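Counting in the numbering used here, the sequence shown runs from 54 upward without gaps.
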Amino acid sequence: DGQRILMFSYGSGLASSLFSLKLHMGEHPFSLSNIADVLNISEKLESRHV
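Here you go:
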């Protein structure tokens, strides 16, 4: 609970962004488990295996 994730994005040239997200488990609409369910993360990760 309360895990922190860093997201880094870069483009061509000198532009980049770094985001820090702190995620909590629970029944909140923006909880990690709800986000994973909505984005269908498990299936997407499984499809990467050959």
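Glycine included, each C-beta is placed from N, C-alpha and C at the ideal position.
None of the values given here were measured: they were computed from a predicted structure.
Specify, as a first and last residue, the run of the beta strand (DSSP E) that residue i falls within.
i: residue 74; result: 69-76
i: residue 62; result: 56-63
Since I believe residue j is in contact with residue i (beta carbons under 8 Å), could you give me their beta-carbon distance rounded to a whole number of angstroms?
i: residue 73; j: residue 85; result: Their Cβ separation, rounded to whole angstroms, is 15 Å, which puts residue 73 and residue 85 out of contact at 8 Å.
i: residue 76; j: residue 56; result: 5 Å
Starting from residue i, trace the alpha helix (DSSP H) in both directions and tell me its first and last residue.
i: residue 86; result: 85-92
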